[in-house]
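Inspection log for the structure reproduced underneath, given as structure tokens.
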Amino acid sequence: ARADAVFDYMDKGWANGNPDLKPDANIYTSIAKVYAHARQHNKTVALLNRLQDPNSQVKLDKLMYSSLIFAFSKSQTLGSRQIAEKLLVQMQKRYLDGETKLQPNTQIV
Numbered sequence: 172a173r174a175d176a177v178f179d180y181m182d183k184g185w186a187n188g189n190p191d192l193k194p195d196a197n198i199y200t201s202i203a204k205v206y207a208h209a210r211q212h213n214k215t216v217a218l219l220n221r222l223q224d225p226n227s228q229v230k231l232d233k234l235m236y237s238s239l240i241f242a243f244s245k246s247q248t249l250g251s252r253q254i255a256e257k258l259l260v261q262m263q264k265r266y267l268d269g270e271t272k273l274q275p276n277t278q279i280v
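Set out below in structure tokens:
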């Protein structure tokens with residue numbers, strides 16, 4: 172709840188023109204970890220959708236992928252593990268397409 176409030180504050184502040192409040196990759200990774208530990212499946216899905224939006228200012232990086240894969244793999248919601256697998260496949264595809272920083276490793280899987 173508190174993480175959501177801080178994230179909403181930052182997001183609204185940035186939307187209202189305060190560049191210092193723009194959520195970055197570290198913020199999104201932290202939020203994904205909070206959702207994973209709280210098993211907040213719906214919030215994790217909303218966060219993923221936000222990050223995969225073509226207009227997103229933040230591109231999924233290795234840490235975000237890892238946090239999201241972890242969150243979905245721990246969720247008890249039907250279909251969550253398939254989402255985690257799709258994220259891993261997406262990450263691997265981006266790696267094979269030349270984004271060398273996205274190479275999956277044992278810390279990811």
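Quick note: to get our numbering, add 171 to the position in the sequence shown (first position is 1). Note that the Cβ used here is the ideal one computed from N, Cα and C, for glycine as well. Nothing here was measured: the structure is a model prediction, and the numbers come from that model.
One thing to note: residue 208 has its Cβ no nearer than 9 Å to the Cβ of residue 251. By the criterion of a C-beta distance shorter than 8 Å, residue 210 is surrounded in its chain by 245, 246, 247, once the five residues flanking it on both sides are discounted. The beta carbons of residue 194 and residue 181 sit closer together than 9 Å. Classified as buried, residue 237 has 16 or more neighbouring CB atoms from the shown chains inside 10 Å of its CB. Taking the CA atoms as reference points, residue 239 sits about 23 Å from residue 185. When the beta-carbon positions are compared, residue 204 and residue 243 stay at least 9 Å from each other. Spanning the alpha carbons of residue 178 and residue 232 requires a straight line of approximately 19 Å. When the Cα atoms are used, residue 199 and residue 273 turn out to be separated by approximately 17 Å.
In the three-state reduction of the DSSP assignment, residue 270 falls in the coil class, being assigned neither a helical nor a strand state.
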